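Asks:
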Amino acid sequence: MKILLLGGSNAGIRDGWAFQFQRQASEHEVENRFLGAVGSLYGLMALLRMERAGVAPPEIIIFEYCLNDILLFAANCLREALVVDALQAFAACCARRGIRLMFLCLDPCRTPSKELRGARRRARRLYAEAATRYATPAIWLEEIFPGGATPAHYQDQNHLTVEASAAVAAAVLRKLGEARIPVARDAEIRFDYVDATRARASDACERRHIQSKVFEGDFIRLKRPSESHWPGHGRLVGLMLHSDETSGDYLIRAPRCVRRKNPRSKMQEIVANLMLLHYVSSVIATDCGVVIAMPDDEAALRRVPEDATLLAVPPTARFLDQTLDIHAAIYWRPRSLAKRIGALLGRR
């Protein structure tokens with residue numbers, strides 16, 4: 395069978411569950427399209443991108459972004475409704491293309507942090523509800539390790555040991571036959587993935603193709619001063635970026651909202667040239683797209699309210715030498731309050 399793995403850094407680390415699954419499932423064709431420090435929204439973007447490119451669908455997808463959604467909840471970078479709608483859209487995409495789906499729900503190591511415990515409860519509830527709603531199986535760590543995972547199963551706060559990863563891989567392989575096409579063919583997809591081919595750029599911009607181990611695509615590189623327009627309507631919820639040593643603060647401008655955001659990440663201590671999906675935590679609604687800009691007035695840029703970024707660190711390049719590489723913008727059209735209430739009542 396052709397199997398696609400979509401997961402976070404646990405799917406990407408050496409001897410992680412995905413690497414060991416590929417070895418254990420040697421009779422199958424297994425492709426690993428992991429990306430760390432992103433959540434379920436990236437999984438949806440990856441599937442929409444494959445669909446748009448005309449890539450032949452896999453037979454099964456293993457979806458492993460529960461842990462990252464937990465971390466994003468704990469950092470106040472994510473809304474529950476966004477996860478609900480992203481999982482619905484992902485299930486709908488799988489249903490209409492006949493792809494069998496299975497959720498693999500990992501957890502961070504148990505911690506006294508009240509924020510992390512609350513985030514874990516929220517994310518697990520949403521994934522459990524999605525698995526039930528779309529008749530899609532889910533694998534939980536407590537099914538693999540009797541009594542649940544302990545600190546001995548982790549090499550750090552968020553990553554499993556080699557031995558624990560092997561147990562996870564074996565559990566996925568055992569349950570592979572339980573994967574199902576989601577019951578979600580008529581579910582709404584309220585997301586737009588707008589890539590660089592649809593954007594307009596002006597001033598000090600150039601189009602470039604970037605290829606890395608985890609992501610390949612067309613990007614627009616902005617220098618100071620320059621700006622680019624990304625068409626779309628709804629709420630801007632994510633920007634797919636490439637960050638390196640020259641990356642610097644940028645501006646998001648919509649009709650009724652302006653925010654400053656920093657593309658640099660603590661993850662660059664490990665991966666210098668980083669692909670990342672920047673979640674937008676502010677409510678930036680638009681009916682005419684957004685402008686992503688690299689202004690050359692540093693004082694004016696600093697006066698703009700900042701949109702929080704997970705694991706952000708200050709830029710290192712001189713301000714006027716800073717750049718921004720952007721591949722895509724993701725827009726979301728949330729359900730109205732009346733529709734959300736109706737959906738809740740309908741599930742009772």
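In terms of this note's numbering, the sequence shown opens at residue 395 and continues consecutively. A virtual CB, placed ideally from N, CA and C, is assigned to each residue, including glycine. In this text, all values refer to a predicted model and were calculated from it rather than measured experimentally.
Using beta-carbon positions only, say whether residue 647 and residue 717 come within less than 9 Å of one another.
Replies: Contact: no.
Asks: Under a three-way DSSP split, which group does residue 545 fall into?
Replies: Reduced to three states, the DSSP call for residue 545 is helix.
Asks: Residue 408: which of 557, 395, 490 sits nearest, CA to CA?
Replies: When only C-alpha atoms are compared, the closest one is 557.
Asks: Can we say the region 708-724 touches the region 586-604, given the rule of at least three CB pairs closer than 8 Å?
Replies: Output reads yes: the region 586-604 touches the region 708-724.
Asks: Tell me the rounded alpha-carbon separation between residue 498 and residue 687.
Replies: Taking the straight line from one Cα to the other gives about 38 Å.
Asks: For residue 426, which beta-bridge partners are listed by DSSP?
Replies: According to DSSP, residue 426 bridges with 399.
Asks: Once you ignore the five residues that flank residue 551 on each side, which residues in its own chain have a CB closer than 6 Å to its CB?
Replies: Closer than 6 Å at the Cβ level, and outside the excluded window around residue 551, lie 502, 503.
Asks: For the candidate residues 437, 695, 431, 581, whose alpha-carbon lies nearest to that of residue 670?
Replies: Of 437, 695, 431, 581, the residue nearest in Cα terms is 431.
Asks: Any contact of the region 672-687 with the region 640-655, i.e. 3+ C-beta pairs under 8 Å?
Replies: Yes: the two stretches touch, three or more of their Cβ pairs being nearer than 8 Å.
Asks: Cα separation between residue 405 and residue 428?
Replies: Cα to Cα, residue 405 sits roughly 6 Å from residue 428.
Asks: Span of the beta strand (DSSP E) holding residue 477?
Replies: Segment 474-491 is the alpha helix (DSSP H) holding residue 477; no beta strand (DSSP E) there.
Asks: Is it buried or exposed for residue 478, if we count other Cβ within 10 angstroms and need 16 for buried?
Replies: With 16 or more Cβ atoms within 10 Å of its Cβ, residue 478 is classed as buried.
Asks: Terminal residues of the continuous beta strand (DSSP E) containing residue 589?
Replies: Residues 585-589.
Asks: Would you say residue 575 and residue 682 are within 9 Å of each other, going by their C-beta atoms?
Replies: No, the Cβ-Cβ distance between residue 575 and residue 682 is not below 9 Å.
Asks: Does the region 539-546 come close enough to the region 438-446 to have 3 or more Cβ pairs within less than 8 Å?
Replies: In short, these stretches do not touch, since the Cβ pair count stays below three.
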